[in-house]
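Under the working numbering, the first residue of the sequence shown is numbered 2, with each subsequent residue one higher.
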Amino acid sequence: MRIFHGNELIFKFMLINVSTGIAMGMMNFIIPVYALSLNATSTEIGLIKGISGIGDLLVVLPAGILVDYFGSNRMYSVSAIFGAAIIMSVSFATDPGLLLLIMVFFGMSRTLRITSLNADFFKNMSTIGLQKGGWFKGSMTLGGSFIGPIIGGIAAIAMGFTSYFAFTSAFLLVPLMVILTRSSRRNPIELKNPSLTDASNHYKSLAKNRTLVSATVIESVNSAFFITFTTFITVLVIRDMGLSPDIAATLITLKGGATVFVVFFCGQLLRRNNNNLYLFSFAVTILALLLLGMSKNTFLLAVASVVTGIGSGFLTLINFTRVGNIEGEKGKIAGIFSLGFGTGAIVGPILGGIIGDVFGIQAIFLAFMLPFGALALYTFMDGRKRN
């Protein structure tokens with residue numbers, strides 16, 4: 002295709018990310034629906050979604066080491082096959098407790114996959130070009146927050162859970178064809194001898210990198226909200242408002258579509274100092290959270306979903322560009338950055354589930370105004386110090 006002439010590498014990354022993202026988007030949508038079918042409470046649904054973050058944290062740092070020493074392609078292939086098997090096994094969960102256990106392994110496979118992809122992209126960012134940095138994350142968002150929920154909403158109505166999970170796992174295996182094509186054109190990889198001491202020292206030095214730490218904290222809050230939103234907007238729409246699953250899928254898709262637009266088309270707004278763009282993102286997100294927490298009008302919920310997607314898109318764009326420019330072994334950098342996702346994946350839905358049972362589902366969205374407000378205040382004060 003002429004449009005991708007000279008951009009074959011980023012095109013292949015995008016193919017992998019879109020297909021992987023579709024599988025993740027379908028899973029993010031269906032898990033709370035499946036949990037509701039098992040009569041799970043809001044707290045149990047929060048635990049089911051949050052426990053996958055435990056799986057993330059268990060392997061996130063080892064994943065960075067494994068990627069550096071065995072290669073991104075190998076580790077991605079293993080994680081895709083493992084992940085597909087885990088997705089298929091979800092249909093055998095007959096109670097919330099068993100679903101909880103399965104989701105731990107789901108989180109493990111997810112982190113191996115994300116760390117492998119991020120590390121490989123960071124290694125090739127200089128070749129691809131910073132101006133296309135948003136395309137990588139945007140393609141994942143396109144699959145996970147836009148196409149995936151659309152397909153998931155249709156599939157949830159058209160087929161049973163077992164068929165749904167089989168269909169989802171197929172999307173996770175499609176990228177293996179791209180991976181094998183890329184691997185066959187490369188020279189054989191010479192494996193390094195892993196040194197735990199060197200790895201530990203490198204992690205310690207990276208933990209002192211202010212840019213990486215700051216981006217990881219923001220990624221944690223952003224990820225916590227993303228996972229919590231996709232979980233409890235579904236509960237709000239289906240259980241509390243008595244509407245169909247496709248309405249919930251539409252709201253998730255609107256949020257994802259706004260994020261995709263920002264990540265793909267707003268890269269030119271990035272500056273060397275992005276404090277003002279951070280503040281804008283936090284401000285619009287807080288306003289949208291207020292709307293999500295106060296209204297049950299579907300149109301207003303749709304508007305709020307779009308606005309949160311815009312805020313999330315800018316945070317993603319800034320963070321990914323900042324982390325991609327950090328010097329060092331990319332597997333370990335991606336591993337530390339993934340700590341933000343894992344931490345958010347645990348804290349967000351678990352606390353959200355508890356808040357939902359005690360104060361109501363919409364109180365979950367109001368509660369997220371606190372961490373976003375804290376980040377806005379810190380960013381404002383930090384900007385004044387630098388100036």
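Beta carbons are placed, not taken as given, at the ideal position from N, Cα and C, and that holds for glycine. Only a predicted model underlies this, so the values are computations on that prediction, with no experimental measurement involved.
If you draw a straight line from the C-alpha of Asn326 to the C-alpha of Thr42, how long is it?
-> The count along the sequence shown starts at 1 and reaches residue 326 at position 325. The count along the sequence shown starts at 1 and reaches residue 42 at position 41. One C-alpha to the other measures close to 43 Å.
Whose CA, out of Val19, Ile11, Ile17, Leu37, lies closest to the CA of Gly354?
-> What you label residue 354 is simply residue 353 of the sequence shown in a count that begins at 1. Ranking Val19, Ile11, Ile17, Leu37 by Cα distance to Gly354 puts Leu37 first.
How many Å lie between Leu376 and Ile239 at the Cα?
-> The sequence position of residue 376 within the sequence shown is 375, counting from 1. The sequence position of residue 239 within the sequence shown is 238, counting from 1. Their backbone Cα atoms lie some 32 Å apart in a straight line.
Determine the contact status of Ser117 and Phe227, defining contact as a CB-CB distance below 8 Å.
-> On the sequence shown, residue 117 is found 116 positions in, with the first residue counted as 1. On the sequence shown, residue 227 is found 226 positions in, with the first residue counted as 1. Against a cut-off of 8 Å, the Cβ pair of Phe227 and Ser117 comes out as no contact.
Assuming Ile49 contacts Leu100 (C-beta within less than 8 Å), just tell me the rounded distance between them.
-> Reading the sequence shown from its first residue, position 48 is the one you call residue 49. Reading the sequence shown from its first residue, position 99 is the one you call residue 100. Their Cβ separation, rounded to whole angstroms, is 6 Å, which keeps Ile49 and Leu100 in contact under 8 Å.
Indicate whether the contact test is met: 3 or more Cβ pairs, each with one atom in the stretch 289-304 and one in the stretch 168-178, closer than 8 Å.
-> In this structure the stretch 289-304 does not lie against the stretch 168-178, because fewer than three pairs of beta carbons, one per stretch, are closer than 8 Å.
Should Ile49 be listed as close to the ligand GDP, given that the test is whether its C-beta is under 7 Å from any heavy atom?
-> The model on display carries no ligand, and the ligand GDP is accordingly not part of it.
Counting along the chain, where does the alpha helix (DSSP H) carrying Ile155 start and finish?
-> If you number the sequence shown from 1, residue 155 lands on position 154. Segment 149-159, the alpha helix (DSSP H) holding Ile155.
Reducing DSSP to helix, strand and coil, say where Asp247 ends up.
-> The residue labelled residue 247 in the question sits at position 246 within the sequence shown. Of the three classes helix, strand and coil, the one that applies to Asp247 here is helix, per DSSP.
Quick one: Cα of Asp383 to Cα of Leu280, how far?
-> Here residue 383 refers to the residue found at position 382 of the sequence shown. Here residue 280 refers to the residue found at position 279 of the sequence shown. Between Asp383 and Leu280, the C-alpha separation is close to 11 Å.
Let me know the alpha helix (DSSP H) ranges lying completely inside the stretch 255-296, each 4 residues or longer, listed in chain order.
-> Runs of the alpha helix (DSSP H) inside the stretch 255-296: 276-295.
Cα separation between Gly257 and Arg211?
-> By 1-based counting over the sequence shown, the position of residue 257 is 256. By 1-based counting over the sequence shown, the position of residue 211 is 210. Rounded to whole angstroms, Gly257 to Arg211 spans 29 Å at the Cα level.
Residue of Ile82, Tyr379, Thr217, Thr44 minimising C-alpha distance to Phe338 | Taking the sequence shown and counting its residues from 1, one reaches residue 338 at position 337. Considering only alpha carbons, the answer is Thr217.
DSSP state of Leu39, grouped into three classes?
-> Here residue 39 is taken as the residue at index 38 of the sequence shown, counted from 1. Leu39: coil per DSSP, three-state reduction.
Proximity below 8 Å, CB of Thr254 to CB of Met28 | Position 253 of the sequence shown, counted from the start, is the residue given in the question as residue 254. Position 27 of the sequence shown, counted from the start, is the residue given in the question as residue 28. The answer is no: Cβ separation not under 8 Å.
Supposed close pair Met15, Ser140 - CB separation, criterion 8 Å | The residue you call residue 15 lines up with position 14 of the sequence shown. The residue you call residue 140 lines up with position 139 of the sequence shown. Their Cβ separation, rounded to whole angstroms, is 4 Å, which keeps Met15 and Ser140 in contact under 8 Å.
Measure the C-alpha to C-alpha separation of Asp358 and Asn125 and round it to an integer number of angstroms.
-> The sequence position of residue 358 within the sequence shown is 357, counting from 1. The sequence position of residue 125 within the sequence shown is 124, counting from 1. Going from the Cα of Asp358 to the Cα of Asn125 covers about 46 Å.
Check Asp96 in the structure and name its three-state DSSP category.
-> In the sequence shown, the residue the question calls residue 96 occupies position 95. Here Asp96 sits in coil by DSSP.
Could you tell me whether the Cβ atoms of Leu207 and Ile115 are closer together than 8 Å?
-> Numbered from its first residue, the sequence shown carries residue 207 at position 206. Numbered from its first residue, the sequence shown carries residue 115 at position 114. For Leu207 and Ile115, no; Cβs fall outside 8 Å.
Skipping 5 residues on each side, what residues in its chain have a beta carbon closer than 7 Å to that of Ile219?
-> For the purposes of this step, residue 219 is taken as the residue at position 218 of the sequence shown. Cβ neighbours of Ile219 beyond the five flanking positions: Leu316, Asn320, Leu376.
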